[in-house]
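Trainee: Whatever position you read off the sequence shown (first residue = 1), add 3 for our numbering.
One structure follows; several queries about it will come next.
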Amino acid sequence: MQAGETLVLDTSQSLLQDGPNPYQAQVLLAVPMRVGERLVGLLIADPRSATHRYTAEELSLAEAAAKLGALLIERDRLLREREEARANELALREATRQMDTFLGMASHELKTPLTTIKLNLQLTQRRMEKVLREDSGTVEQRNKKALLVLDQLAHTDHQVDRLDRLVNDLLDVSRIQADRLELRLEPVDLAAIVCEVVEEQRQAAPARTITLHLPVNQRVPAFVDPDRIGQVVTNYLTNALKYSAEELPIEVGLGVEGNLARIWVRDEGPGIPAAEQEHLWERFHRVPGIEVQTGSGIGLGLGLHISRTIIERHHGQVGVQSAPGVGSTFWCTLPLAP
Ligand code: ADP
C-alpha cells in the first residue's frame, strides 16, 4: 500500500484468514489512495463472489476512482486548513484590537489620577510654604489655611486609592491568567462582610440611598476568603453606584436558600441588553452605550471577570437579571458552612 500498489486479497488464504473481516468479504480489491507519497485513504471493493476475477478495465476504473477520491480528501483538508488559518488570523486580529483598546484605556485610566495627584501635590506644597512663611494674620486665619491644605491632601489620598484599585485589578487578572489567585479561607459570617462593604460605600457616597436587607437575627456562616468576597460585593455595589444616576436608590441583600447563601445588589440604572449579559463576565468587556453616571473613573472592564473567578473558586455561581430601562440585579451564591 505504501508503494501505491493495488492488491487483490483472497480472504480464504491462510495469511488473511484470522484477520478482522466485518463484512464477510471474499475477494477484496484494495486500492491505496495517495496524494504524492502520502497515503490518505484506502478504496476497498468486494464483488461478493469468491470466484470473481478482476479485469484490467475494472482495476483501472478502481484506481481512477481512488485517485479522484484522494484528490477530494486532499481538497477538503486544504479547505479546512485555510478556514482554520482564516479563523486564527481573525482571532489574532481581534486579540490585537482588544489589547490596543485595553492599552489605550489602561494608560488613560492610570494617567488621569496621576496627573491629579501631581497637581494636588504641587498645590499643597505651595500652600504649605505660604502658610509657614506668613507672619501676618490671626491663628484662626492660619488654621483655616492649614485646613485647606489638609483637604487637598485628602483629595490626593482619594486619587491614590483609585490608582491602587486599578493596579490591584490588573494584578488580580494576571494572577488569574497564571492560575495563581490565592484564597485564605476561614469561617466567617457573610452578614458581617456585606454590612461592612455597605457601610464603606455609604461613607464614600453619603448622597446615595443604599438599603440593606439581611436575615433577621441570623448569622450566615460560610468558609470563605473574607477579603475576596468583600471585593466581589464592593465591585457589584460600586458598579451599581457608578452606572445609575445619583438620585436612584440601590438595594443590597443577603439571603439563605437551602444550603446556599445568596448576595444580590439591585439598581435602577440603564439595564443591560440580553445579548450582552453573558459577555459581561469576560475580561475587558464593557457594554457599548453604558456610560458612567456618577463617581470617578470608567474602569477597565475587569471587575466582573475577577468577581466571577473569585466566586467560582469558592464553588459558587454568579449571574445577572437585567432589562434595559429597568435596572440590573447582580447576584452570587456561596455554599453555607455546615
Ligand atoms: P468596569 O470597571 O468597566 O465597570 P466591570 O467588569 O465591573 O468593569 O463591568 C463590565 C461592564 O459591565 C461595565 O463596563 C458596564 O458596561 C457593565 N456593567 C457592570 N455593572 C453594571 C450595572 N450595574 N449596570 C449597567 N451596566 C453595568
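Where is the CB? At the ideal position from N, CA and C, for every residue including glycine.
All values derive from a computational prediction rather than experimental measurement.
For the ligand ADP, is there a heavy atom less than 7 Å away from the beta-carbon of P252?
Mentor: For the ligand ADP, not one heavy atom lies less than 7 Å from the Cβ of P252.
Trainee: Taking buried to mean at least 16 other C-beta atoms within 10 Å of its own C-beta, is P359 buried or exposed?
Mentor: Shown here, the chain extends from 4 to 341; a query on residue 359 therefore has no answer.
Trainee: Answer yes if the segment 232 to 245 comes into contact with the segment 310 to 319, meaning at least three C-beta pairs across the two stretches below 8 Å, and no otherwise.
Mentor: Yes, since at least three Cβ pairs between the segment 310 to 319 and the segment 232 to 245 fall closer than 8 Å, the two stretches touch.
Trainee: Quick one: complete alpha helix (DSSP H) runs, 4+ long, within the segment 266 to 319?
Mentor: Taking only runs of at least 4 residues, the alpha helix (DSSP H) segments lying wholly in the segment 266 to 319 are 277 to 280, 306 to 316.
Trainee: Using 8 Å as the threshold, is the segment 166 to 174 in touch with the segment 194 to 206, meaning 3 or more CB pairs across them?
Mentor: With a cut-off of 8 Å, the segment 194 to 206 and the segment 166 to 174 do not count as touching, because too few Cβ pairs lie within range.
Trainee: When you measure from the CB of S110 to every non-hydrogen atom of the ligand ADP, does any distance come out below 7 Å?
Mentor: S110: no, Cβ never under 7 Å from the ligand ADP.
Trainee: Excluding the 5 residues preceding and the 5 following T99 in the sequence, name in chain order all residues of the same chain whose CB lies nearer than 6 Å to its CB.
Mentor: Closer than 6 Å at Cβ, skipping near neighbours: no residue.
Trainee: What are the residues that DSSP puts in a beta bridge with Q324?
Mentor: Answer by DSSP bridge pairing, in chain order: T332.
Trainee: So what does DSSP say about R187, is it helix, strand or coil?
Mentor: Here R187 sits in coil by DSSP.
Trainee: Count the C-beta pairs between the segment 269 to 289 and the segment 246 to 254 that are closer than 8 Å, then say yes if the count reaches three, no if not.
Mentor: Segments in contact, yes.
Trainee: Go ahead and pull the three-state DSSP assignment for G44.
Mentor: Reduced to three states, the DSSP call for G44 is strand.
Trainee: Helix or strand or just coil, what does DSSP make of R51?
Mentor: The answer is coil: DSSP assigns R51 none of H, G, I, E or B.
Trainee: Between S15 and the rest of its own chain, which residues show a CB-CB distance below 8 Å, the 5 nearest in sequence each way excluded?
Mentor: For S15, where only same-chain residues beyond five positions count, the Cβ hits under 8 Å are Q29, A53.
Trainee: Only counting runs of 3 or more residues, tell me where the beta strand (DSSP E) segments fall wholly within the segment 234 to 261, in order along the chain.
Mentor: Counting whole runs of 3 or more residues, the segment 234 to 261 contains the beta strand (DSSP E) stretches 253 to 260.
Trainee: Where V323 and R145 are concerned, what is the direct C-alpha to C-alpha distance, given to the nearest angstrom?
Mentor: Going by the C-alpha atoms only, they are around 53 Å apart.
Trainee: Whole angstroms is fine: what's the gap from Q155's alpha carbon to N262's?
Mentor: Whole-angstrom Cα-Cα distance: 49 Å.
Trainee: I need the DSSP call for P35, collapsed to helix, strand or coil.
Mentor: Three-state DSSP puts P35 in a strand.
Trainee: How many angstroms separate the CA atom of M108 from the CA atom of P252?
Mentor: Computed Cα separation, rounded: 29 Å.
Trainee: Do you know whose CA, among I76, E87, P224, lies nearest A195's CA?
Mentor: Ranking the options by Cα distance to A195, first place goes to P224.
Trainee: Tell me whether the segment 275 to 282 and the segment 324 to 340 touch, counting them as touching only if at least three CB pairs, one residue from each stretch, are closer than 8 Å.
Mentor: In short, these stretches touch, since the Cβ pair count reaches three.
Trainee: Entirely within the segment 196 to 238 and at least 3 residues each: give me those beta strand (DSSP E) ranges in chain order.
Mentor: The qualifying runs are 213 to 216, 224 to 227.
Trainee: Between which two residues does the alpha helix (DSSP H) containing L339 stretch?
Mentor: Premise fails: L339 is in no alpha helix (DSSP H) and is neither H nor E.
Trainee: Using the Cβ count rule (16 or more neighbours within 10 Å means buried), how would you classify G292?
Mentor: Under this definition G292 is an exposed residue.
Trainee: Give the range of the alpha helix (DSSP H) segment to which D79 is assigned.
Mentor: D79 -> alpha helix (DSSP H) spans 59 to 136.
Trainee: Identify, in the order they occur along the chain, each residue of the same chain with its Cβ nearer than 6 Å to the Cβ of E279, setting aside the five sequence neighbours on each side.
Mentor: Cβ within range, chain order: V290.
Trainee: Measuring alpha carbon to alpha carbon, tell me which residue in R187, L339, I314 is nearest E260.
Mentor: When only C-alpha atoms are compared, the closest one is L339.
Trainee: Between N220 and the ligand ADP, is the CB less than 7 Å from at least one heavy atom?
Mentor: Incorrect: N220 has no Cβ contact closer than 7 Å to the ligand ADP.
Trainee: What number of angstroms, rounded off, separates the C-alpha of M102 from the C-alpha of R211?
Mentor: Straight-line Cα distance between these residues: approximately 35 Å.
Trainee: Does the ligand ADP have a heavy atom nearer than 7 Å to the CB of F105?
Mentor: False, no ligand heavy atom lies under 7 Å from that Cβ.
Trainee: Please state whether the Cβ-Cβ distance between L186 and D228 is less than 8 Å.
Mentor: Yes; because the gap between Cβ atoms is below 8 Å, this pair is in contact.
Trainee: In chain order, what residues of the same chain lie with their CB nearer than 7 Å to the CB of E254, ignoring the 5 residues before and after it?
Mentor: Around E254: T214, H216, R269.
Trainee: Quick one: grab the DSSP three-state call for A157.
Mentor: Helix.
Trainee: Confirm, please, whether the CB-CB distance from R37 to G7 is below 8 Å.
Mentor: Against a cut-off of 8 Å, the Cβ pair of R37 and G7 comes out as a contact.
Trainee: Which residues does DSSP pair with D192 in a beta bridge?
Mentor: Answer is P224, bridged to D192.
Trainee: Is L82 closer than 8 Å to D172 when the C-beta atoms are compared?
Mentor: Contact: no.
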